[in-house]
Amino acid sequence: METFQNPCPWQTIPDMLAAANARHSTRTAVVDGAVTLSYQQLSEQVSYFSQALAALGLGKGDSVCIWAPNSWRWIVSALSAWQLGAVVVPISSRLKAMEAGPILQRANTKFLLTVSNCLGDDFPAMLAELYGTHNQRPFSELTQLENVVCLDQKSKSVSCLDFDTLLEAAGAQSEHPQGTTGSSLCEILFTSGTTGEPKGVMLSHQQVLQAFWDWSAIGTLNENDRFLVIPPFSHGFGINAGILACIMRGMTHVVVDFFDPNRTLELIESHQITVMSGPPALFATIAQQHGNRQPGKLRVAYVGAAHVPEETIHCMQRDLGIDRVINAYGLIEACVVSMTRQDDSPEIISSSTGRPLPDVRLRIVDTDGRDCAPQDPGEILVGGYGVMQGYFNAPELTRDAISSDGWLATGDIGCLDEAGNLRIVGRKKEMFICNGFNVYPAEVEDLLLRHPDIAQVAVIGVNHPEKGEVGNAFVIPRADTTLDLMSIKQWARKNMATYKVPNEIFQVSTFPLNANGKVQKDVLKSMAESQTESQSVE
146 METFQNPCPW QTIPDMLAAA NARHSTRTAV VDGAVTLSYQ QLSEQVSYFS
196 QALAALGLGK GDSVCIWAPN SWRWIVSALS AWQLGAVVVP ISSRLKAMEA
246 GPILQRANTK FLLTVSNCLG DDFPAMLAEL YGTHNQRPFS ELTQLENVVC
296 LDQKSKSVSC LDFDTLLEAA GAQSEHPQGT TGSSLCEILF TSGTTGEPKG
346 VMLSHQQVLQ AFWDWSAIGT LNENDRFLVI PPFSHGFGIN AGILACIMRG
396 MTHVVVDFFD PNRTLELIES HQITVMSGPP ALFATIAQQH GNRQPGKLRV
446 AYVGAAHVPE ETIHCMQRDL GIDRVINAYG LIEACVVSMT RQDDSPEIIS
496 SSTGRPLPDV RLRIVDTDGR DCAPQDPGEI LVGGYGVMQG YFNAPELTRD
546 AISSDGWLAT GDIGCLDEAG NLRIVGRKKE MFICNGFNVY PAEVEDLLLR
596 HPDIAQVAVI GVNHPEKGEV GNAFVIPRAD TTLDLMSIKQ WARKNMATYK
646 VPNEIFQVST FPLNANGKVQ KDVLKSMAES QTESQSVE
């Protein structure tokens with residue numbers, strides 16, 4: 146089995162940050178627009194902010210939700226929470242209050258770090274409208290939540306604290322007892338499943354540090370690299386490959402709040418970016434945009450896709466000057482699973498996600514749980530240190546996902562070739578991916594059923610030339626109700642993340658059912674593709 150001469154030298158994130166500051170104190174750690182922080186300045190900000198949070202009562206094991214777009218303050222917030230032994234619970238800035246609220250409740254959130262202006266949305270005000278205000282705590286119906294801190298400016302509608310005021314009040318630096326070990330929880334990353342309810346994936350300090358130490362070593366990342374981190378920090382990749390990998394390798398982290406192709410190209414050029422990640426379509430778009438301009442010194446590109454067209458790989462190397470294209474496979478419940486290697490050909494990078502990381506185990510099994518022969522598809526099982534601690538406060542779901550001998554059932558279908566390269570061939574679950582975001586039909590169905598005029602709903606994913614896949618919703622109206630499909634779509638845009646909003650909505654009188662009374666979603670998919678027996682909204 147592949148091993149490295151230098152395994153991850155730290156067990157906890159605070160220890161890693163302290164080592165990075167000692168080694169790279171004067172080097173640039175973070176660039177966010179006009180703000181530039183050296184490793185020493187980053188460490189100082191973390192020391193001040195962690196002291197301020199501790200004074201408010203944050204301590205070991207407490208849950209801290211961060212609901213905000215990417216920024217240098219997001220990075221300081223997460224590192225400060227970890228400094229105190231707290232558990233970081235990221236929430237996507239694309240979510241609305243109706244989606245974020247259940248996560249705050251399920252995570253028993255004590256502190257919420259958020260913003261009052263995210264593309265015009267005041268997140269605390271949105272929560273107040275849904276959950277009410279209280280004279281002794283921020284929101285009436287969120288009884289566990291003790292403090293709300295805005296990372297930008299105070300909300301005009303809700304009593305809360307703000308980041309800058311807390312820093313000013315923190316006073317001199319001081320050290321806080323951590324009591325944190327490698328097995329301590331550092332993250333609860335919420336994902337949804339077939340139940341439609343958010344599930345909190347629990348990961349420890351040691352797990353994420355080891356996974357992304359190996360991930361960055363295989364990618365040959367080092368202190369001379371400048372990493373353009375495009376994925377949101379609310380995603381497992383954004384927070385771990387972005388924040389943690391940059392610090393552990395002494396890289397410069399260039400922050401992107403919201404992706405825009407033209408702005409991304411400008412950042413690549415102006416900051417001489419050497420490392421970035423994204424889906425194949427992102428790099429194709431950047432290649433088309435840059436024309437005859439030199440795209441800087443980009444040398445390593447991480448893509449994560451079941452299939453990367455070989456022509457895209459050649460285009461990335463030829464037009465963007467990228468030396469190394471890496472395909473990889475991972476999931477929140479198992480961190481990083483597999484990666485292509487330095488000497489892999491474009492054909493292998495195109496058709497596979499490479500071989501497992503050191504000390505990560507991989508099996509392909511049939512429906513009876515027997516190991517499949519090479520090239521035969523089956524469900525992907527993952528074992529090893531990266532498998533999650535379990536789902537937060539959901540022991541039954543954990544037992545369903547992880548076998549007694551430690552194998553995680555991913556729900557993904559793949560096969561192994563003779564060399565051990567993993568090829569992803571499909572998904573066992575109904576999940577689909579829109580613009581790089583996982584979309585779970587059951588969750589979208591639950592949200593749509595909150596509309597007063599909808600009696601039943603079924604959501605399926607269909608192919609889309611630009612977004613990869615999009616959702617189509619089939620709705621049955623309540624009795625004596627006339628549906629306004631445009632109004633429903635506007636309601637969906639207001640109450641759920643953009644990538645979850647159905648691309649098309651079809652009104653039907655009944656659903657096709659099988660002998661067990663379950664909706665035949667394959668029939669609905671055919672109906673959507675042919676647009677028969679339906680009324681659609683673009």
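Residue 683 is where the sequence shown ends in our numbering, and the numbering goes up by one at each step. Each residue gets a CB set at the ideal place from its N, CA and C atoms; glycine is no exception.
Any non-hydrogen atom of the ligand PLP closer than 7 angstroms to residue i Cβ
i, result
"Trp227", "Questions concerning the ligand PLP fall outside what the structure shown contains, since it holds no ligand whatsoever."
Residues sharing a beta bridge with residue i, DSSP
i, result
"Lys612", "Bridge partners of Lys612: none, in fact."
"Ala618", "Val604, Ile650"
"Thr336", "Lys344"
"Val445", "Val420, Arg469"
"Pro501", "Ser483"
"Trp212", "Ile236, Thr259"
"Phe284", "Thr278"
"Glu524", "Val510, Ile558"
"Thr397", "Arg371"
"Phe537", "Its beta-bridge partners do not exist; DSSP assigns none."
Neighbour-count burial assignment, residue i, 16 or more Cβ in a 10 Å radius
i, result
"Lys573", "exposed"
"His398", "buried"
"Gln520", "exposed"
"Glu649", "buried"
"His169", "buried"
"Glu244", "buried"
"Asn292", "buried"
"Asn215", "buried"
"Ser675", "exposed"
"Leu465", "buried"
"Thr171", "exposed"
"Gln196", "buried"
"Arg623", "exposed"
"Gly565", "exposed"
"Thr288", "exposed"
"Phe403", "exposed"
"Gln133", "This structure does not reach residue 133, given that the chain is present from 146 up to 683, and the question cannot be answered."
Cβ separation of residue i and residue j, assumed to be a contact under 8 angstroms, to the nearest whole Å
i, j, result
"Gln352", "Gly551", "That belief does not hold up - the Cβ atoms of Gln352 and Gly551 are roughly 13 angstroms apart, past 8 angstroms."
"Thr419", "Arg444", "5 angstroms"
"Val209", "Leu258", "6 angstroms"
"Ile363", "Met484", "5 angstroms"
"Val346", "Ile375", "At roughly 22 angstroms, the Cβ-Cβ gap does not stay under 8 angstroms, so Val346 and Ile375 are not in contact."
"Ser238", "Ala213", "6 angstroms"
"Leu373", "Ile333", "Leu373 to Ile333, Cβ: 27 angstroms. No contact."
"Ile467", "Ala446", "5 angstroms"
"Thr278", "Val303", "7 angstroms"
"Ala390", "Trp360", "7 angstroms"
"Thr555", "Leu526", "7 angstroms"
C-alpha distance - residue i paired with residue j, whole-angstrom precision
i, j, result
"Pro501", "Asn407", "35 angstroms"
"Leu630", "Thr643", "17 angstroms"
"Arg506", "Asn472", "18 angstroms"
"Val232", "Leu201", "16 angstroms"
"Glu683", "Asn640", "Confidence at Glu683 is low in this model, with a pLDDT of 48, below 50, so the placement of that residue is unreliable and no value is reported for it."
"Asn580", "Gly423", "10 angstroms"
"Met271", "Phe335", "20 angstroms"
"Ile558", "Glu524", "4 angstroms"
"Val234", "His380", "10 angstroms"
"Gly338", "Ala167", "Residue placement at Gly338 is poorly supported in this model, since its pLDDT is 48, which falls under 50; the coordinates are not used for a value here."
"Val664", "Lys645", "20 angstroms"
"Leu410", "Phe582", "22 angstroms"
"Asn661", "Ser496", "Note that Asn661 scores 48 on pLDDT, short of 50, meaning its location in the model is unreliable; the coordinates nonetheless yield the value given after this. Rounded to the nearest angstrom, the two C-alpha atoms are 38 angstroms apart."
"Arg469", "Arg371", "15 angstroms"
"Asp160", "Ser261", "32 angstroms"
"Ser300", "Phe284", "13 angstroms"
"Leu658", "Leu594", "19 angstroms"
"Ala603", "Ser329", "40 angstroms"
"Ala199", "Ser632", "46 angstroms"
"Arg486", "Val180", "35 angstroms"
"Glu575", "Asn608", "13 angstroms"
"Ala637", "Ile605", "16 angstroms"
"Cys460", "His452", "15 angstroms"
"Asp562", "Asp511", "16 angstroms"
"Glu455", "Ala356", "27 angstroms"
"Val620", "Ile547", "35 angstroms"
With a threshold of 8 angstroms, are at least 3 pairs of Cβ atoms found where one atom belongs to the region 508-522 and the other to the region 486-497? They do not touch, by the three-pair rule.
Determine, using beta-carbon pairs with one atom in the region 563-572 and one in the region 580-593, whether at least three such pairs fall under 8 angstroms. Contact between the region 563-572 and the region 580-593 is absent, because fewer than three Cβ pairs lie under 8 angstroms.
Is the region 612-629 touching the region 227-237 in the sense that three or more CB pairs, one from each, lie closer than 8 angstroms? Per the Cβ contact rule, the region 227-237 is not in contact with the region 612-629 (fewer than 3 Cβ pairs under 8 angstroms).
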